[in-house]
Structures are given as structure tokens and as C-alpha cells.
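Offset between the sequence shown (1-based) and the numbering used here: plus 734. All C-beta atoms, glycine included, are put in the ideal place defined by N, C-alpha and C. Note that the structure is a prediction, hence the values are computed from the model and not measured. Data block below; observations after.
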Amino acid sequence: MNRRQTQGRAVPATPRRPLAVACAAALSLLCGGIATAQERTPTAQDTAKPAVKAATKPAATPATAAQAPQSDKEKRAANPDAASNLDAVVVTGIQGSIQSALKAKLNSDNIIEAISAEDIGKLPDSSIAESLARLSGLATQRVDGRANQISIRGLSPDFAGTTLNGREQATIGENRGVDFDQYPSELISGAAVYKTPDASLIGQGLSGTVDLHTIKPLDLPKRTFAANVRGETNSNGSLNHGSGVGDAGHRVSFSYIDQYFDHTLGLAVGFAQLDSPVQEKQYQAWWWSLNNGSQGAENNWGAPHTPGLPDNVLSQEGAQLRAKSENQLRNGLMTVLEWAPDDHYHSTLDLYYSTFNQKTYLNGAQWSSSPYDNVSYSNVGVVPALPYPIVTTGHIDGLKSILQNDYTKEHDKLFSAGWNNQYDFGNGWALTADLSYSSAKKDLHDAYLFAGLPDQATSSTDFATPIHEHFPDFRPGVNFADPSAMFFTDPNNYGYDGREEFDKQKDTIKAFRLEVSHPVGWIFSDVNIGVNYSDRKKTKQADVYFAWLNGNGSTSADYVPGFAAPIDPSALSGITDLSYGGFPGVVNYDVLQALNSQYYKTQRNGQSDWSRNYSVEEKVPVAYVKFNIDTHLGDIPLRGNVGVQGVKTDQSSEALQTNGDALVGRISDGAKYSKILPSLNLAAEIADKQFLRFGLAKTMARGRIDDEKVATSAGVAEVLDGPGAGQVLWSGSGGNPKLKPYIAVGADLSWEKYFGTASYVAAAVFNKNLLNYIYNQTTLDYDFSRYVNDNPTLTPTSTIGSFTRPENGTGGKMQGLELSGSLEGGLVTPALDGFGVQANFSLTNSTLPVSAVSSIPGSPSTLPGLSRKVANLALYYEKYGWSVRVAERYRSSFTGEAVALFDQLGYTQVLADKQTDLQLGYAFDHGTWNGLSILLQVNNLTDSPMKTQQIAALPNNVKVARPLEFDTYGRTVMFGLNYKL
């Protein structure tokens, strides 16, 4: 990351959205369908069940205990809400997956949403996150154009808990959030999203908990084999020629499931491989300002006059065009061994292992065009706008253009093992023991180098920039793709010629759970009493080196910024295509080869880098009791649960203590706290297949793991622009090992009506009062006198600077409305048999007494990452072997992070995101090709971009929102075959 590059996200006022209108219309149609549709009698195909022993739920999920067959109400499935433990898949395809998911939702005592695979090894989307994002109140957050993280009820992924077969999972990031790309969708049979917790739910999130399920082999009536292969291509083409990353990839998977010894021993084995390219076009506007005139930096900050630029016009002060080419290779292996020798004992061993290898090439050009860079304008064109006219076209001279080429290699390993044992003593008592281990290891190697014109020579460009978010059109006066004209150098005095970093990270979770259950009486069917103990430890190590050109110095006394060396021809590998932004291209080369042959390195682990060497450990014993309710309220059947969970947390952190760059020793700190979390869930069947649900619970969610580290980092940097230009100022950030968790008291009310075989309509409202939350507090007058400057080339102007760390706040609330439904067209009229629609819409509001980006005057006082509106609409057709599905998902804008934009404090917003996907398939159900299906998928059909805005004050303190980032990922087309035997 160069010093001028900013990171952020943003969004404008949201106009009326067609998708929201479409969802409302679809939901109206669903409601009308209830009144007009005749519930058809379920066929044998709908209700057929294999005569196999029922698989019960692992101890780590809400409904746990093996139920003794004492009475009808005690014979309810021990796991009615888990999509993995439904009856054997008989109805397959789109309607089959909807039907299975609705059955899990209907039978649950909690308020949940569910997804189920269309068939063995085949979720309805290309990734788990995309399938989850179709559920009511859920939205995806794209990473490199892929649905990789999930937001529940509009909240940031940080607020969601995720488990695999009911067990918390180690993660490869510094946070708790699971990267769903690490779990192949082909090996996942379904998922349940708990919007209301119960006392037995471990690893719950503030917004909800996602529980992923693998297949249970004894759930199936016979041996099953499934395989699929898909090729894929990306419409962005190959952007970094010579990198070895093209625009084509593939997905391959197979699953084998069998039962032995009179259906008492089951085995499931699955393997999935993903080899997928990412081709991403990036553009970033660094910052915006008024330069000349009474309202500009010239008058208010004392900045130099910018020749050729009209007074009081809004202009872009820098730009960056970069192209990313990335290859992702993932191998995943899943094994499940299930044993039920009799009616008393049931044992399940789950194993999951995956490797993830990623190589990234990120190359491009960037420059600064502020008043402090001695640039000049000519032929300037402006467009009238409020509050000030905007410069959109012209010519700039005096640019010190920088070419930055990045190479990143990442290797991840995930391993998860769980052994669940359940024993029914036959006298009403049942015992469940669950032992689990999860680990995640990450190795990262990152390096980048600078290039440009030698001797800090300047260049020029014609430009045409859009008023709103889109790609620009730059026409530089220099051919940056000509290797004879480009040199390795530091074009704009960044203070070094390149950088290399090696990161290692390991996360482990060891857990044991024990639970007993017994029938009770009165209004309760049984009681579950349990304990859980988990020990989680995450460690991180970072080693940083600065690269210096051979012949150049590495200290303030002998370093020459304009020193240049030609690029070794043997390292050249083609060009990077930036034509989407007007550039013909920039030179591309092998970063590691050049680094090892034309540079020497010095270790750069200064104070800010040592602070990323730390460990955080959490030891968490939990005890709970849950009474399962099964009674009548008059003539109304009533079920649910009531209970309480006691949680004790002992969190600690260790880090390196430094004096400037010098290591002094280790530092440690931590905190202990206990929380009592009561919960209540009620489900009343007020009419046939019509339910009124109520949930009331106190929930707890710990903050980011890296927020709990004891380490701090601080450093000095020269302010290049703004009123403080030329000053060398301190800034820093750190963790808080005494950080307490998020605490909320939530109430949920939901009405659900089920009809047909794959149709329903639901409406829900919820309210969460935040008793404790976490936000980043920035102190602008922090005293850095106890810190030692670790940059020998810069001398700080003052010991006062800005420091940011997470803090706890109190108060605030979150409220929301959710509407959802699914309708089979045949219920409306026989002419629509085979057609169907799914739709959902959620509206969420939140308020905090202190803004999440509190250092910014006038910044929004909402939870970070909150999208106020989330909507999904899917239309499908499935008949005579054909299946077609068109789906669109939408999430409104949300507030990002606070950023320091060159002495302007501001914040960012991620703009509204909408993505459309297409799925077309044909399944052969008889004859020679029986079991074979063909599938065509197009993800991101309209090539939807990722857009952000930056919101900051101008030199006259007028706040404006202007474009920051505009990135496109292309559309991905996949075509393949599935075969099931």
C-alpha cells in the first residue's frame, strides 16, 4: 500500500429501487396465492421416508439430546431445524431444495431460515455464501467479486456467528468471520440460520448464527455416488499478460455415500477442487478538493496556486488505475463416519480438510495532482453541480507518475474434526458427548516495487473523468508500457524503492461438550443440561523488509529518491492492460526475480510492524439448561424452549514490547468477565400450518480478535497535502485486551403460513437493545512522547498526533421488518405449473449514542456495515427435466471506515450493490442417460460493479460526497455436467 492510497467504502442517498418494488409485488402475489390456492394432497413422492435409523443432531447445535421414545411428543426429531438431517432426498431440483428448507423452517422451535442442496453435491448456487444470501434478511459481501462473507439483518459479517455441524471454526483472517470460499458448496448439504438463539446454541452471533451441515450417510436409503465437472470463464479476459493467470478455470467434485452392516454403519466421502481466475478492473480517485479561489485550499490552507484551474471548482487530486489477476486453487476433502449399532448408541465422526492456494498480480499506475505537487492545468472543462462545479475534462502537466507492481502468494490450510457420541439409556435419560478440534493456518508472502521515469521526471495526461462512479479516460503523454522508457525508481519520494513481507498466522479451537437430557412433565417435554469448554488461540507473525536498488542508500544520509535502474529484460513478462481507463497499458515484470537480482533488503520491522506479532487466547467455559416446551394453549399447540446460558470468558493477549525499533521484551494483558444469557422461544400453531413465533433473548458476541490484541503501532509520516503540508506527524492505532463483548436484548415476532409443497409467506419484526457495543475511538491530541521514531529519514514536527483503538460504548438499538415468501405457480393456475417465485425484503434501522466513526463531525450514528434495505427476488421454472432460475439480490449502502484523507478526516460508504444470476439446466430422468444433468450458470450477469464514495470536508469545511472506488469483476460463465448413480 503506498502512502497516498486510501481504503474506504461509501454510498449516496438511495433512490427508489426496482428490485424492492418487484419484491413487494411478488409478496403481494404470494399473499393472494394463499387465498386462492388449494393445498394439494402430498403424493407418495413428497412423503416417502426410508426405513433407516434416525440420525440425531451433534451436541453443538441447539436441539441436542437423543430423545427417548416415551410418547408422541418425545418422538419429535432431535434435530428438526437442521437441513442436513431431513428425510432422505427424494424430491430433487429447485423445488426439492425449497421443500426441504421449508420443512426445516416449519419444524424448528426457533426462528430460522434454511437452505438445502438440490441434490447430493449440488447446492443451488455456485457458492455457499450466494445460497445463504437468498435467505430473508441475509446479504452477501463481495470479496474479489465473489460472495465470500455474509451479513445477517444488514449488519457487518463481524456480527454473525458461523459453525460447521454446530461447532465453532478457526478462521484464516485476523477476525472471527468465516471466509465461505474455504468451504466447497459441493460438500455442504445445507445450512440453518438461527435468528433467535436458545440456551444450547454455542458460538452465537449478535445478528444471527449460520450453521453449515455436511451429509449424514445413514439419512440416505442406499449407496449414492455423485460427480460434477464445470468449466468457467470470465468476461474481463486476461489483464496481466505474462502472469500465467488467464480467464478460464474449472470445478470438479465427487461424493460417495454408502451404508453397511444392515444400515448401521454409514460412510460419506467427498472431494471438491476449485481452480478459478479473478480478473478485476480497479479505479480509485484519491481525494477531492477546491484548490483556487476564496473557498479553496489557496485561501483557507495557504496552499500554492494551481495554474490553469478555475476558482472554486471541485477537482480530483489524484488517481489510481490498477488491474488484478488472481488464481485460486482450492482442494477440499470431507469424510463422515456414522455408526448406530442399536437403538441406544449413535456415533458420528466428521472430518474436513482443505488447502487454498492463491497467487495475485496487482499492477497499475497512480499519481497525485494536488496544489502541493506543482502541477498545472489547461483546457479545463467543468460541469455545473452543487455545491460547486466539477472539473471533468482537461490536460495536466507536471505529474510524477508511479507504476506499482504487487505480487502476493497465500497458502491456507484448514482442518476440522468432530466426534459426537449419543447414548440413550432407555429409562428416559440420554447422554451426549462431543469432542472437536479446528485449526486454520495461513502463510502469506507479499512484495511490491516502484517504477517510473528516471530522475523524478514528470509527465502529462489528457483526462475525462465522470461526475458519478465509473471508469475515467486518461490519455498519458508517455508510453508506460515501453520497458526502455520505464526504470526502477522512487518517482515521488516515498522514501524506499520496494517492500517485502512474510506473514504467518495460526488459529486453533479445542472444545468439549457434555449434555444430558431427561423427560420432565407439565408443559415440558424434556430438559437439556450441558457444559461446553473451548480454548481458542490465534497467533500472528509478520516480518517486513524494505528494498533498495543496488547502488542506492538506505538511510536519510545516502538515500536518493531519483536514483534509477533499467528493468532487467529477463524479468519482463508483457504488459498490464489498463485500456478500460484510457491507458494503453503499463510494463509488467516478475516482481520476485527483479527483487532478488536488482535490489538489496534491510529488515524494516519497526514499531508498527512488531505490533503485528501477537497472540490472543480465549478460554470460555459455558453451562446451560434448556427446557423444551410441548403443550397446548387452549386448543392451540404450543412448542418451544426456555433456558439460560452462563458464559465465563478469560481473554488474554501477548505481544512484543519495543522501544522504537528495538525489541525490549514481551507484554501481556487481558480481562475476565461473566455473562448470564436467558432465552425464550415459542411457536404456536394458530391454524393448520400457520404459526406465530416469538423469541426473547439476551445475546453476546465478542468483538474482532485483532481488536483484543495488547499491541499498538505508531509511526510518523509527512503530510503532503492540506493545511499541514510539509509537517511530519505522528499517528497510531492499537488493540484493547480489556475489550468487553457486544451485548443485546432482542425480541422477535414472526408469522408464517405454509401451503402447497414448496410455498409459504412470512412476516417478522424484531428489536434489539444494545447494552454494550464496540466502536473505534480516534483521539486527535494523543501524546506520542513515550514512543521512539522508527523512521530515520523523517523527523516529527510534534509529539502530538492521532491514535485510534476500539472502545466499549453503551446504549443504542436496532429494529427491523422482514417479509418473505415462496409460491408455486401451479397453485394460482394450472397454466403456471412448474413456475415459481421466491422473494424477500428486509428493512433495518439502528442508532448509537456515539457514531461508529465518532471522530468525524456529522458522521452517521449507525452500526458499521449496516445496510438498511436488503432484497432478493428469484423466478424459476422446473418441469419435464428443464430447470431455469433467474435471481437478483440487492443490499443498500452502508457506512465504512473512518479515513484520514490527506489531513481531511472523512469516512467512506459502500454504495448499493445489486447482482443478477442465471441458472439453466436439464436433467435426464430415464433411459441410457438417467442420472445425468447439464448445467449452465452465469454469475453477475450484468457485470455489476463495486462502488464506494468518500465523504469529507473541503478546505472551507463544506462536507461533500465524491466517488472513491469503482471496480468491476466481469461476469462468470460456468458450464458443466452432473452425474448421480
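DSSP three-state label for residue i, please.
| i | result |
| --- | --- |
| Cys765 | Residue confidence is low: Cys765 scores 49 on pLDDT, short of 50, so the model does not pin down where it sits. No coordinate-derived value is stated. |
| Leu1473 | coil |
| Val1707 | strand |
| Tyr1106 | helix |
| Leu866 | helix |
| Phe1575 | strand |
| Asn841 | helix |
| Glu1612 | strand |
| Gln903 | coil |
| Pro1225 | coil |
| Leu952 | helix |
| Pro1564 | helix |
| Ser923 | coil |
| Trp1344 | helix |
| Phe893 | helix |
| Phe914 | helix |
| Leu1528 | coil |
| Asp1189 | helix |
| Ala1167 | strand |
| Lys1215 | Correcting the residue identity first, residue 1215 is Ala in this sequence and not Lys. Looking at Ala1215 - three-state DSSP - the assignment turns out to be coil, as it is neither helix nor strand. |
| Ala785 | Any reading at Ala785 must be qualified, since the residue scores a pLDDT of 33, below 50, and its modelled position is unreliable; the value itself is stated next. Here Ala785 sits in coil by DSSP. |
| Tyr1713 | strand |
| Asp1515 | strand |
Please state if the CB of residue j and the CB of residue i are separated by a distance shorter than 8 Å.
| i | j | result |
| --- | --- | --- |
| Asp1343 | Ala1281 | no |
| Leu1165 | Tyr1157 | yes |
| Leu1551 | Ser1580 | no |
| Val1109 | Ile1124 | no |
| Gln1190 | Lys1134 | yes |
| Trp1020 | Val1694 | no |
| Gly871 | Val1604 | yes |
| Leu921 | Ala1006 | yes |
| Gly1615 | Ala1657 | yes |
| Gln1379 | Leu1416 | no |
| Asn1510 | Thr1538 | yes |
| Arg1619 | Val1672 | no |
| Gly1655 | Leu1666 | no |
| Phe1361 | Val1261 | yes |
| Thr905 | Asp892 | no |
| Gly1027 | Asn1046 | yes |
| Tyr1182 | Gln1138 | yes |
| Gly965 | Ala851 | no |
| Lys1409 | Val1381 | yes |
What are the partner residues of residue i, as DSSP defines its beta bridges?
| i | result |
| --- | --- |
| Tyr1314 | For Tyr1314, which the question treats as bridged, DSSP gives no partner whatsoever. |
| Gln1649 | Arg1623 |
| Phe1425 | Glu1419 and Glu1486 |
| Ile1363 | Phe1258 and Gly1374 |
| Gly1543 | Tyr1507 |
| Ile849 | Ala925 |
| Arg1732 | Lying outside 735 to 1715, the shown extent of the chain, residue 1732 is not represented and no answer is given. |
| Asn1139 | Asn1097 and Leu1183 |
What residue from the options has the CA that sits closest to residue i's CA?
| i | options | result |
| --- | --- | --- |
| Pro955 | Trp1022, Tyr994 and Gln1341 | Tyr994 |
| Asn1674 | Val1694, Thr1702, Asp1231 and Ala1695 | Thr1702 |
| Phe1425 | Glu1699, Arg1373 and Arg1696 | Arg1373 |
| Leu1600 | Ala1608, Asp1567, Thr1642 and Leu1609 | Thr1642 |
| Arg1520 | Glu966, Thr1527, Ser1532 and Tyr1713 | Ser1532 |
| Phe1489 | Ala1459, Trp1101, Glu1558 and Ala863 | Glu1558 |
| Val986 | Gly1000, Leu1001, Ala960 and Leu840 | Ala960 |
| Ile832 | Ile1685, Tyr1611, Ser1627 and Pro1217 | Tyr1611 |
| Gln1050 | Lys1714, Val1707, Glu1699 and Gly1710 | Glu1699 |
| Asp1076 | Phe1184, Thr998 and Leu1312 | Thr998 |
| Ser1304 | Leu1329, Ser1290 and Leu1283 | Leu1329 |
So with Cβ pairs under 8 Å, would you call residue i a contact of chain C?
| i | result |
| --- | --- |
| Ala1276 | Annotation note: the requested chain C is absent from the structure, which comprises a single protein chain. |
### Query
Fully enclosed by the stretch 1014-1074, which beta strand (DSSP E) runs are 3 residues long or longer?
1022-1024, 1048-1050 and 1052-1073
What are the start and end residues of each continuous alpha helix (DSSP H) run of 4 or more residues lying completely inside the stretch 1668-1694, in chain order?
none
(request) Would you list, in sequence order, the uninterrupted alpha helix (DSSP H) runs of no fewer than 4 residues that lie entirely inside the stretch 1259-1336? (result) 1325-1332
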